[in-house]
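Undergrad: The working numbering applies: residue 1 is where the sequence shown begins, and numbers increase by one.
Encoded as C-alpha cells, here's the structure I'll be asking about.
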Amino acid sequence: MADVPFAKKSLGQHWLQDAAALEAMCEAAEAQMDDVVLEIGPGFGTLTRHLLDWEAEVIALEFDETLIPALRQKFARDADGGKFRVEQGDIRTYDFTKLPSGYKVVANIPYYLTSNLIQLLSETSNPPAVAALLVQKEVAERVAAAPGATSILSVTAQFYWNVSLGLQVPAKLFSPPPKVDSQILILQRRADLAMDETEVKLFFRLVKAGFSQRRKTLLNSLSGGLQIEKDVVQSMCDSVNVEVGRRAQTLTMDEWRGLYAAYKRISA
1 MADVPFAKKS LGQHWLQDAA ALEAMCEAAE AQMDDVVLEI GPGFGTLTRH
51 LLDWEAEVIA LEFDETLIPA LRQKFARDAD GGKFRVEQGD IRTYDFTKLP
101 SGYKVVANIP YYLTSNLIQL LSETSNPPAV AALLVQKEVA ERVAAAPGAT
151 SILSVTAQFY WNVSLGLQVP AKLFSPPPKV DSQILILQRR ADLAMDETEV
201 KLFFRLVKAG FSQRRKTLLN SLSGGLQIEK DVVQSMCDSV NVEVGRRAQT
251 LTMDEWRGLY AAYKRISA
C-alpha cells in the first residue's frame, strides 16, 4: 500500500480499496456507458477507476487540493478521451446546475457531511437521477427507516427519493479503518413530487411541527408547532383518517401527504 496517500483525520479521509465494495457502488449508482457521474471525494481514484471501467464519464470533485495532481496524472489518458476531469472544490458550494440532466452521483464522503449532502442533492433545481452514498451504517438505516422509527431526516429523504440500502461495508475494509461500519445508501429520485417551492416549504413546516415534540401526540405537537387550535388539528386528521393520538414517527409518507393536503386547505 505504498501508493496510498496519507489519510487526513481532519478531513475524515478513509480509503476504500475493496474491489467488491467498489463494484457495488457502481452497481448501486446504475452506472452505464456515457452516463455523467459526479464522484464526490475521489481520494486517490480507486472508485474512479471502477466507474471508468463501467464506461461512465466521471467528473471528480475533490476538496483536498494535494490529491489533484496525482488524480490528473493517473487518469490522463481518460481525460484525453473526454471521459474524466477533476475539479477542486467543496460540495457544499458546488453548482449542480452546470451538470446535464439525469446525471448520477457516487460519494464516499466524511460521515459528518451526510445530512448536509442529502439536503443539497434534494433541494437543488437540478438533482441527480440516482445517488449512491457510502455512509455510516446507522445513518443509512435512519434515512431508510420505516414508519415507527422515522425522523425529520428520513421523511425529508423519502419525500424526494425512493430510498434503499445496498451493501454493508465493514470498517476493516478501509484504510485507516473508521470506528463504525458503513453501508451504501441508494437514493432514486421520485417522479411524483408535483409541488412547487412554496408548497414544499409548507409541507416541511408541517413535518417539523410534527417532530418538534417527539413524545407528544400529533394533536399536541401540530397544535403547538403550527400554532393552531386543537379542534383544527382534529379536523385535519379526521379528514385523512389519521388518528390524532399517534406520534409523528409512525406516519407513512402517504399519510404525511394527506395531512399536508388538509393543512394546505386551512392555510389558503
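Cβ coordinates follow ideal geometry from the N, Cα and C atoms, glycine included.
Please read all numbers here as calculations on a predicted model, not as lab measurements.
Any idea which residues DSSP pairs residue 130 with across the strands?
TA: BP columns for residue 130 point to 104, 188.
Undergrad: Taking the alpha-carbon of residue 140 as reference, which of 111, 185, 213, 55 has the nearest alpha-carbon?
TA: Comparing Cα-Cα distances from residue 140 to each of 111, 185, 213, 55, the minimum goes to 185.
Undergrad: Determine the DSSP secondary structure at residue 8, reduced to helix, strand or coil.
TA: At residue 8, the pLDDT of 46 sits below 50, so the modelled position is not reliable; the number obtained from the coordinates is stated separately. In this structure, residue 8 counts as coil in the three-state DSSP scheme.
Undergrad: My output table needs one value for residue 162: the three-state DSSP class, helix, strand or coil.
TA: Residue 162 falls in the strand class under three-state DSSP.
Undergrad: Within the continuous alpha helix (DSSP H) that includes residue 138, where are the two ends?
TA: Element bounds for residue 138: 137 to 143.
Undergrad: Residue ranges of each alpha helix (DSSP H) run of no fewer than 4 residues wholly in the segment 39 to 118, ordered along the chain?
TA: The qualifying runs are 46 to 53, 68 to 74, 76 to 80.
Undergrad: Indicate whether residue 59 and residue 39 have their beta-carbon atoms separated by less than 8 Å.
TA: The answer is yes: Cβ separation under 8 Å.
Undergrad: Please classify residue 261 as buried or exposed, where buried requires at least 16 neighbouring CB atoms within 10 angstroms.
TA: Its Cβ having fewer than 16 others within 10 Å, residue 261 is exposed.
Undergrad: Between the alpha carbons of residue 82 and residue 180, how many angstroms are there, rounded?
TA: Residue 82 and residue 180: Cα-Cα distance of roughly 37 Å.
Undergrad: What does residue 168 pair with, by DSSP beta-bridge criteria?
TA: Residue 168 is bridged to 183.
Undergrad: If contacts are defined as beta-carbon pairs under 8 Å, then residue 131 and residue 121 qualify, I think. What distance do you get, rounded to the angstrom?
TA: Right, their Cβ atoms sit about 6 Å apart.
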